[in-house]
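Enquirer: There's a structure below that I have some questions on.
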Amino acid sequence: MIEILIATLFNLCLAVLLLVMGSVIFTAAYFILSLPYRRRDRPGIFLDLLELSVDRGNPLEQAFLSAAETHDAAMGASFYLFAAHIEMGESFQNALKKVPGFLPPQVNAILQTGVKLGDLKKVLPAAREYLRAGTDTKRTNLAYLFSIMIVFAPVCIWIVTVTSIYVIPKLSEIQAGYGFRNWPFSQFIFSLNRYFILGGIELMLFLFLAAMAAFFIGGPQLVRVFQFRKVPLVDWITWKVPWKRKKLLRTYSAMLAVLLDGGAPEVEAVILAGHATANEICRRRSQRVAAQLEGGVKLEEAIRVFDNTGEFHWRLSNAGHAHRGFMIALNGWHEALDAKALQQEETAVHAFVSGLVLLNGLVVGLVAIGTFGMLVMFLRGMLENM
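Using our numbering, the first residue of the sequence shown is number 23, and each one after it goes up by one.
Put into structure tokens, the structure is as follows:
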């Protein structure tokens with residue numbers, strides 16, 4: 023009776039322990055995977071608070087200190103670090119610089135430009151336009167990647183590894199013992215280095231997907247670790263990716279339109295718009311555009327240096343003849359850039375995910391064909407000897 027009671031208590035404790043561990047793992051996974059979405063929503067809340075303070079004419083520093091007193095967890099730790107810098111006497115501009123991970127680099131740069139202009143309200147539309155992204159599409163795309171990384175890739179690694187270590191060697195020993203001839207295709211497949219080629223492909227795919235997930239969860243700050251001052255590798259790659267380039271072009275165009283509508287000189291507007299992209303390639307191109315302007319070239323012609331496709335030149339030329347302002351005139355183009363960027367991004371992700379599925383299926387299929395081919399030859403040899 024005592025032994026039964028002890029066994030029951032042991033099983034109960036084990037069940038509670040497993041339940042607690044499962045809850046901890048689930049909570050940790052939820053916190054990590056939801057971090058990018060929380061980080062995405064915080065800039066919008068921050069801009070709402072900023073716009074409300076500007077409209078009411080309240081001091082920005084006091085408004086953010088009052089918001090910090092609410093201890094709302096939705097704002098995140100970076101906001102309270104930002105508020106702490108303000109409380110220590112830092113200005114709004116310096117506090118943003120000291121917490122670079124709080125806002126996306128582009129939004130941070132746009133707000134810094136607004137401070138230099140002395141009118142934050144002028145740049146808020148450009149900041150909001152940058153945040154206006156296809157979050158539903160991104161959510162779907164990332165769900166595909168995470169499902170492959172968490173479920174499909176580890177299962178494939180397990181199948182290939184178990185088959186290579188336990189099944190294939192045992193079948194080879196049996197075949198060698200009975201002197202049966204192996205299927206040539208199976209012999210070719212298993213003559214490859216099964217640990218470093220077949221298993222290695224799956225392992226490399228899993229590590230690659232894990233790295234992508236880490237960059238997504240870590241956000242811009244983790245990506246910026248690989249950015250070097252003299253060699254802007256991250257910014258160069260960003261410029262070369264078609265959909266990211268369209269987003270940079272949209273940000274630059276929107277900021278340039280806001281500055282021109284606000285009466286900023288063309289040279290200053292071009293340079294500040296380049297800084298607002300937070301991309302070194304865009305900054306260098308905007309410097310070249312400014313040099314063209316200082317040389318007497320019109321803005322519509324000088325902008326060709328920034329975008330050599332000619333579309334920006336054509337759009338800006340038409341916007342210059344409009345009487346509604348650059349921002350309104352270019353709004354349709356900005357929406358078109360958004361739509362094209364999302365379409366290209368979704369297409370690329372689907373093609374990438376489909377390629378991974380096919381590659382995983384090819385590796386597992388080769389191992390399965392080789393294994394079953396060996397079994398068929400073994401059974402055929404057994405029947406011939408009967």
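Note that the Cβ used here is the ideal one computed from N, Cα and C, for glycine as well.
Is N33 close to chain B, meaning its C-beta is less than 9 Å from at least one C-beta of that chain?
Expert: Within the model displayed, chain B is absent; a lone protein chain is all it includes.
Enquirer: Can you look up D329 in the DSSP assignment and give me helix, strand or coil?
Expert: Residue numbering aside, residue 329 sits at position 307 when the sequence shown is read from its first letter. Reduced to three states, the DSSP call for D329 is coil.
Enquirer: Do you know how far the Cα of G284 is from the Cα of E322?
Expert: For this step, residue 322 is matched to residue 300 along the sequence shown. For this step, residue 284 is matched to residue 262 along the sequence shown. Cα to Cα, the separation comes out at about 18 Å.
Enquirer: From L36 to F48, what does the alpha carbon distance come to, in whole angstroms?
Expert: Working through the sequence shown from its first residue, we reach residue 36 at position 14. Working through the sequence shown from its first residue, we reach residue 48 at position 26. Those two C-alpha atoms are separated by around 18 Å.
Enquirer: In terms of residue numbering, what span does the alpha helix (DSSP H) encompassing N116 cover?
Expert: In the sequence shown, counting from the first residue as 1, residue 116 sits at position 94. Taken as a continuous stretch (DSSP letters only), the alpha helix (DSSP H) holding N116 covers 114-120.
Enquirer: Count the other C-beta atoms from every protein chain shown that fall within 10 angstroms of the C-beta of D94, then say buried if there are 16 or more, exposed otherwise.
Expert: What you label residue 94 is simply residue 72 of the sequence shown in a count that begins at 1. That one is exposed.
Enquirer: What residue from I132, S100, S113 has the CA that sits closest to F124's CA?
Expert: Against the sequence shown, residue 124 aligns to sequence position 102. With distances taken between Cα atoms, F124 lies closest to S100.
Enquirer: How long is the line joining the alpha carbons of I181 and V386, rounded to whole angstroms?
Expert: Taking the sequence shown and counting its residues from 1, one reaches residue 181 at position 159. Taking the sequence shown and counting its residues from 1, one reaches residue 386 at position 364. Using only the alpha carbons, I get a separation of about 8 Å.
Enquirer: Quick check: what's the CA-CA separation for T30 versus Y188?
Expert: The residue labelled residue 30 in the question sits at position 8 within the sequence shown. The residue labelled residue 188 in the question sits at position 166 within the sequence shown. Approximately 37 Å, taken between the alpha carbons.
Enquirer: Assuming the contact rule is C-beta atoms closer than 8 Å, W265 and A363 should be a hit. Round their C-beta distance to whole Å, please.
Expert: For the purposes of this step, residue 265 is identified with residue 243 of the sequence shown, where counting begins at 1. For the purposes of this step, residue 363 is identified with residue 341 of the sequence shown, where counting begins at 1. Between A363 and W265 the Cβ distance is about 4 Å, and since that is below 8 Å, they are a contact.
Enquirer: Determine, using beta-carbon pairs with one atom in the segment 118-138 and one in the segment 59-79, whether at least three such pairs fall under 8 Å.
Expert: yes
Enquirer: Taking 6 Å as the limit between beta carbons, can you name the residues of its chain near V121, skipping five residues before and five after?
Expert: Start at 1 with the first residue of the sequence shown, and residue 121 comes out as number 99. Result list for V121: S100, L103, F104, in chain order.
Enquirer: What did DSSP end up calling D77 once you bin it into helix, strand or coil?
Expert: Counted from its first residue, the sequence shown places residue 77 at position 55. Looking at D77 - three-state DSSP - the assignment turns out to be helix.
Enquirer: Spatial neighbours of E73 within its chain, please: C-beta separation below 8 Å, excluding the five flanking residues on both sides.
Expert: For the purposes of this step, residue 73 is identified with residue 51 of the sequence shown, where counting begins at 1. Cβ neighbours of E73 beyond the five flanking positions: K143, L146.
Enquirer: Give the DSSP-derived three-state secondary structure of A363 in the structure shown.
Expert: By 1-based counting over the sequence shown, the position of residue 363 is 341. DSSP places A363 in helix when its eight states are reduced to three.
Enquirer: Does the Cβ-Cβ distance between D257 and C304 come in under 9 Å?
Expert: Working through the sequence shown from its first residue, we reach residue 257 at position 235. Working through the sequence shown from its first residue, we reach residue 304 at position 282. Yes. Within cutoff.
Enquirer: Determine, using beta-carbon pairs with one atom in the segment 275-295 and one in the segment 105-120, whether at least three such pairs fall under 8 Å.
Expert: no
Enquirer: My assumption, with CB atoms under 8 Å, is that I211 sits in contact with G392. Please give the rounded CB distance.
Expert: Locating residue 211 in the sequence shown gives position 189, where the first residue counts as 1. Locating residue 392 in the sequence shown gives position 370, where the first residue counts as 1. Indeed, because the Cβ distance is near 4 Å, the residues count as touching under 8 Å.
Enquirer: Apart from the five residues just before and just after L388, which ones in its own chain have a Cβ nearer than 6 Å to its Cβ?
Expert: In the sequence shown, residue 388 corresponds to position 366, counting from 1. Cβ contact annotation for L388 (same chain, cutoff 6 Å, sequence separation greater than five): I211, in chain order.
Enquirer: Given A85, which residues of its chain have a CB within under 7 Å of its CB, disregarding the five upstream and five downstream residues?
Expert: If you number the sequence shown from 1, residue 85 lands on position 63. Excluding sequence neighbours, A85 sits near L71, S75.
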